[in-house]
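Note sheet for the following structure.
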Amino acid sequence: MTHLPYLAAAYGITIIAIGGLSVHSWTKLKTVQKKLAQIQNNKRS
Amino acid sequence: MKRKTKRLWIVLGAMICFALAITLILSAFSNNLVYFKAPSQLINHPTAKGTTIRLGGMVVANSLHYSHHDQTPTAEFKVTDGQAAIEVHYTGILPDLFREGQSVIAIGSLDQNNIFTANEVLAKHDETYMPKEVAEALQKSGKWDPKFGPPPDADTWDHMVKPKQ
Amino acid sequence: MTKTSVPPSAKQSGFNIHRFANPGTFLRFESKIQPWVIAFGILFVSIGIVWGLFFSPADWQQGDSVRIMYIHVPMAILASGGYFGLALCALCSLIWKHPLADLAAEAIGPIGAVITALCLITGSLWGKPMWGTWWVWDARLTSVLVLFFLYLGHITLLHAFDDQQKGYKAAAILALVGVFDLPIIKFSVNWWHTLHQPSTFSITHAPAMSLSMMWPLIFCFIGFALGFIALVCIQLRAAILERQVRHLLLNE
Numbered sequence: 070m071t072h073l074p075y076l077a078a079a080y081g082i083t084i085i086a087i088g089g090l091s092v093h094s095w096t097k098l099k100t101v102q103k104k105l106a107q108i109q110n111n112k113r114s
Numbered sequence: 287m288k289r290k291t292k293r294l295w296i297v298l299g300a301m302i303c304f305a306l307a308i309t310l311i312l313s314a315f316s317n318n319l320v321y322f323k324a325p326s327q328l329i330n331h332p333t334a335k336g337t338t339i340r341l342g343g344m345v346v347a348n349s350l351h352y353s354h355h356d357q358t359p360t361a362e363f364k365v366t367d368g369q370a371a372i373e374v375h376y377t378g379i380l381p382d383l384f385r386e387g388q389s390v391i392a393i394g395s396l397d398q399n400n401i402f403t404a405n406e407v408l409a410k411h412d413e414t415y416m417p418k419e420v421a422e423a424l425q426k427s428g429k430w431d432p433k434f435g436p437p438p439d440a441d442t443w444d445h446m447v448k449p450k451q
Numbered sequence: 009m010t011k012t013s014v015p016p017s018a019k020q021s022g023f024n025i026h027r028f029a030n031p032g033t034f035l036r037f038e039s040k041i042q043p044w045v046i047a048f049g050i051l052f053v054s055i056g057i058v059w060g061l062f063f064s065p066a067d068w069q070q071g072d073s074v075r076i077m078y079i080h081v082p083m084a085i086l087a088s089g090g091y092f093g094l095a096l097c098a099l100c101s102l103i104w105k106h107p108l109a110d111l112a113a114e115a116i117g118p119i120g121a122v123i124t125a126l127c128l129i130t131g132s133l134w135g136k137p138m139w140g141t142w143w144v145w146d147a148r149l150t151s152v153l154v155l156f157f158l159y160l161g162h163i164t165l166l167h168a169f170d171d172q173q174k175g176y177k178a179a180a181i182l183a184l185v186g187v188f189d190l191p192i193i194k195f196s197v198n199w200w201h202t203l204h205q206p207s208t209f210s211i212t213h214a215p216a217m218s219l220s221m222m223w224p225l226i227f228c229f230i231g232f233a234l235g236f237i238a239l240v241c242i243q244l245r246a247a248i249l250e251r252q253v254r255h256l257l258l259n260e
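If you read the sequences in order, they're chains E, Y and R. Our numbering puts the first sequence at residues 70 to 114. Our numbering puts the second sequence at residues 287 to 451. Our numbering puts the third sequence at residues 9 to 260.
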């Protein structure tokens, strides 16, 4: 059928959205973990 | 414990009240929430001629033909809900899924000759998902002719088609 | 130093879930399951999507457009499921004053909003070629759009107040009020005439879907569900750690 552009758009938007959300969540976690480690290091030193 | 139980009852009580309120509102407006009217509803409770309404039903088998008034091809077909049928005229491109035996929604108005002139025709698809082979097997076995409506219940499919590997 | 105080009623209660009232316990549990949830999530989604896109049959009347179902249906289920999660968090927060409930609600909200948006967008991309329109105001589509706005409202309320506790409370109330949209979404196609077709799956009879399409759908759903859980856990972990950071900075 000639409706492939709709199919491609649907899968494309999903991958981009989920991918973006995952990257955002992961970097948020990494940033906080780094900050926590930094503070705990400062307290020790 | 006592304060927690009290909070529990307050929350539950509020939610029950809200649920009742919503049920009452929905049942009161039920008529206005329907997206389309069926042909028998339209015939029994006719709206003023010329008002735009949505008509939903199944395209009657062997009722589709094209006429050529004013050089623009007009599709003419009947839409039924099993109890009554209404003739629909539509000038324009019909959706891909349109065929006899398919459920459709026509948006337009009924004129004085009880002919529904549609500005837009949407095709519904039913909740059945099956590959071509299953559809063809059902048709070959004589159990189903798509022109006359939706396929038989899924429970019966396995008896007509060999299970795929 | 990393423990936050647990209300005494939680310790006395025999209800198991209060083990997780201690953020430390949750963090330890979550760190154990996280790699598995992520790995299996990616595995199931990959299998499901490749199967659905390339190895499942085209529908007899919809052709290849039916393959949008493998995304649209899991998103729809997770959208409602996510909001139900918000409602559960709200109950835990308002009635049992569970310390993690508000943070969990804060984590679920944005993810649920994205999933609901994807459900609506993939639905439109499916509807345009099949029905002939991007959108109709029938009961199913409208109630899912309402769900999207409920998510947005929830996120907004959480950040609307100077006093964070007021924000948590307001959001929890919205979650409990909005949860009544969920049965409307589910039963809209049965109660009223809609353009959206009725349910393919029912508890009482065989699904109106061939197995060759149902299996990739199941894999996709499991994959997306695991992914949803993984993302919520990651966000919740980040929120708990952020709270610890703030504690430490305040105690300097």
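Glycine included, each C-beta is placed from N, C-alpha and C at the ideal position. All figures in this text were calculated on a predicted structure; none of them were measured in a lab.
Sheet register partners of residue i (DSSP bridge)
i, result
"Y/Thr309", "Partner(s): none; Y/Thr309 has no beta bridge."
"Y/Thr403", "Y/His375, Y/Ser395"
"Y/Leu341", "Y/Lys323, Y/Ala392"
"R/Asp67", "Y/Pro417, R/Gly71"
"Y/Tyr352", "Y/Ala361"
Residue environment, residue i, which counts as buried when at least 16 other CB atoms sit within 10 Å
i, result
"Y/Tyr352", "exposed"
"R/Glu114", "buried"
"R/Gly22", "Only weak support is given to the placement of R/Gly22: the predicted model assigns it a pLDDT of 42, under 50, and the question is left unresolved by the model."
"R/Ile192", "buried"
"E/Val101", "buried"
"Y/Arg340", "buried"
"E/Ile87", "buried"
"R/Phe227", "buried"
"R/Ile248", "buried"
"R/Leu266", "This structure cannot settle anything about residue 266 of chain R, because the visible part of chain R is limited to 9 through 260."
"R/Glu38", "buried"
"R/His213", "exposed"
"Y/Thr291", "exposed"
"E/Val92", "exposed"
"Y/Asp431", "exposed"
"R/Arg148", "buried"
"Y/Pro359", "exposed"
"Y/Ser427", "exposed"
Assigned secondary structure, residue i (DSSP; H/G/I helix, E/B strand, else coil)
i, result
"Y/Leu380", "coil"
"R/Gly131", "helix"
"R/Met222", "helix"
"R/His272", "Because chain R spans 9 through 260 in this model, residue 272 of chain R falls outside it and cannot be assessed."
"Y/Val365", "strand"
"R/Ala216", "coil"
"E/Val101", "helix"
"Y/Ala409", "strand"
"E/Ser94", "helix"
"Y/Thr358", "coil"
"R/His80", "helix"
"R/Thr141", "coil"
"R/Gln205", "coil"
"E/Asn110", "helix"
"R/Val185", "helix"
"R/Leu108", "coil"
"Y/Phe434", "helix"
"Y/Arg293", "helix"
"R/Lys40", "helix"
"R/Pro118", "helix"
"E/Thr83", "helix"
Given residue i as reference, the closest of the options once Cα atoms are compared
i, options, result
"R/Met83", "R/Ile119, R/Leu99, R/Ala214", "R/Ile119"
"R/Leu126", "R/Val185, R/Met221, R/Phe34, R/Val152", "R/Val152"
"Y/Thr309", "R/Trp199, R/Leu239, R/Ala247", "R/Trp199"
"Y/Glu303", "R/Ala233, R/His106, R/Leu184, R/Asp146", "In the sequence as displayed, the identity of residue 303 of chain Y is Cys instead of Glu. Looking at the Cα atoms, R/Leu184 is the closest of the given residues."
"R/Val240", "E/Gln109, E/Gln102, E/Lys97", "E/Lys97"
"E/Leu73", "R/Leu257, R/Lys194, R/Ile248, R/Pro137", "R/Pro137"
"R/Ser132", "R/Met77, R/Phe195, R/Ile237", "R/Met77"
"R/Ser64", "Y/Tyr415, Y/Pro438, Y/Lys433, Y/Gln425", "Y/Tyr415"
"R/Ala47", "R/Trp68, R/Gly231, R/Glu38, R/Leu96", "R/Gly231"
"Y/Phe434", "Y/Thr337, Y/Lys290, Y/Ser349", "Y/Ser349"
"R/Leu108", "R/Glu250, R/Leu244, R/Gly235, R/Arg148", "R/Leu244"
"Y/Asp249", "Y/Phe322, Y/Ala307, Y/Ser313, Y/Phe315", "Since the displayed chain Y opens at 287 and closes at 451, residue 249 of chain Y lies outside it and no answer follows."
"Y/Asp412", "R/Pro206, R/Leu257, R/Thr33", "R/Pro206"
"Y/Gly230", "Y/Ile393, Y/Lys426, Y/Arg293", "What is shown of chain Y runs 287 to 451, which leaves residue 230 of chain Y out entirely."
"R/Leu190", "R/Leu96, R/Trp145, R/Gly89", "R/Gly89"
"R/Pro31", "R/Leu111, R/Ala95, R/Thr130", "R/Leu111"
Short-range partners of chain E found in the stretch 62-94 of chain R, where Cβ spacing is below 7 Å: Listed by position along the chain: Gly71, Asp72, Ser73, Arg75, Ile76, Ile79.
Selection of the stretch 96-110 of chain R by Cβ proximity to chain Y, strictly under 9 Å: So the close ones are Ala98, Leu99, Leu102, Ile103, Trp104, Lys105.
Residues of the stretch 80-97 of chain E with Cβ closer than 8 Å to any Cβ of chain R, in chain order: Residues of the stretch 80-97 of chain E that bring their beta carbon within less than 8 Å of a beta carbon in chain R comprise Tyr80, Ile82, Thr83, Ala86, Ile87, Leu90, Ser91, Ser94, Trp95, Lys97, in sequence order.
Residues within the stretch 174-194 of chain R neighbouring chain Y, beta-carbon criterion of under 7 Å: From the stretch 174-194 of chain R, only Leu184, Val185, Phe188 have a Cβ closer than 7 Å to chain Y.
Interface residues of the stretch 390-421 of chain Y facing chain R [CB-CB below 8 Å]: Under the 8 Å Cβ criterion, the stretch 390-421 of chain Y contributes Ile391, Glu406, Val407, Leu408, Ala409, Lys410, His411, Asp412, Glu413, Thr414, Tyr415, Met416, Pro417, Lys418, Glu419, Val420, Ala421.
The stretch 198-225 of chain R: positions lying closer than 7 Å to chain Y by Cβ: Residues of the stretch 198-225 of chain R with a C-beta less than 7 Å from any C-beta of chain Y: Trp200, His201, Thr202, Leu203, Gln205, Pro206, Ser207, Thr208, His213, Ala214, Pro215, Ala216, Met217, Ser218, Ser220, Met221, listed in chain order.
Residues of the stretch 361-382 of chain Y whose Cβ lies closer than 7 Å to any Cβ of chain R, in chain order: Residues of the stretch 361-382 of chain Y with a C-beta less than 7 Å from any C-beta of chain R: Pro381, Asp382, listed in chain order.
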